[in-house]
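One structure below.
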Amino acid sequence: MKSLLLAIVCLALTGPGKTFHTREEALVLAFAKADAQRTPHYWTKEQRSQLAELAKVKKVGGMHAEYQAKSKDGKVIAGRSVWFDTRIVRSKPQTIMLVIDAKQSIEEIVVCSFDEPLDYKPVDRWYAQFEGRQLDDDLQLKKGIHGVSGATLTSRATTAAVREILAAYAVAHPVIKKIDKEDKK
292 MKSLLLAIVC LALTGPGKTF HTREEALVLA FAKADAQRTP HYWTKEQRSQ
342 LAELAKVKKV GGMHAEYQAK SKDGKVIAGR SVWFDTRIVR SKPQTIMLVI
392 DAKQSIEEIV VCSFDEPLDY KPVDRWYAQF EGRQLDDDLQ LKKGIHGVSG
442 ATLTSRATTA AVREILAAYA VAHPVIKKID KEDKK
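According to the working numbering, the stretch in the sequence shown is residues 292 to 476, in order.
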């Protein structure tokens, strides 16, 4: 009887994951009362190659969707965009929302759902270490991102997602270097 009770308690503590925010709720968090405009980015073979190289992964998806706030007259309000990523952590998915500013820095990361047992989800403070970061060599585990004991797979999946989304932003919004007279000399 005691072992049955212990098993029930353990299942309750490490039970299924949770949805914290629907996509619509997360967009309200990001854009307050403004409407969101969804822009799908369908990547060419060359762009997928560029994405994979920037993200330092072998393979990326063929499409990513970007959300931007739009004013009452329907114009996009520049300055920040939102991207979602859903990927498998161990055997179940995690969905995160990244808010990216115009400087290609992460403004905020929000866990929308985590379907693994919640024991495998890092605390919010761990996710906060991504804020202010840009896509560079330090945006990796064991470099600028600290791992989490007991949530190694979540750490890997989240870091890969962040790198891929920042790479997608960079490909969708290439920075054009201005050539001025000083550079020509």
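Backbone N, C-alpha and C fix where the C-beta goes; we use that ideal spot for every residue, glycine too.
{"Asked": "Inter-residue Cα distance where the pair is Gln338 and Lys412", "Found": "32 Å"}
{"Asked": "Endpoints, the alpha helix (DSSP H) within which Val462 is located", "Found": "Thr443 to Ala463"}
{"Asked": "The region 373-381 contacting the region 313-327, beta-carbon criterion three pairs below 8 Å", "Found": "yes"}
{"Asked": "Residue closest to Ala325, alpha-carbon to alpha-carbon, out of Ile379, Asp364, Gln341 and Gln431", "Found": "Asp364"}
{"Asked": "Straight-line Cα distance separating Ser362 from Phe405", "Found": "32 Å"}
{"Asked": "Same chain only: Cβ atoms within 8 Å of Tyr333, ignoring 5 sequence neighbours per side", "Found": "Gly353 and Met354"}
{"Asked": "Nearest-angstrom Cβ-Cβ length linking Leu432 and Ser446, presumed shorter than 8 Å", "Found": "6 Å"}
{"Asked": "Proximity winner among Phe311, Val453, Ala448 and Ala327, relative to Tyr358 (alpha-carbon distances)", "Found": "Ala327"}
{"Asked": "C-alpha distance - Lys366 paired with Ala360, whole-angstrom precision", "Found": "8 Å"}
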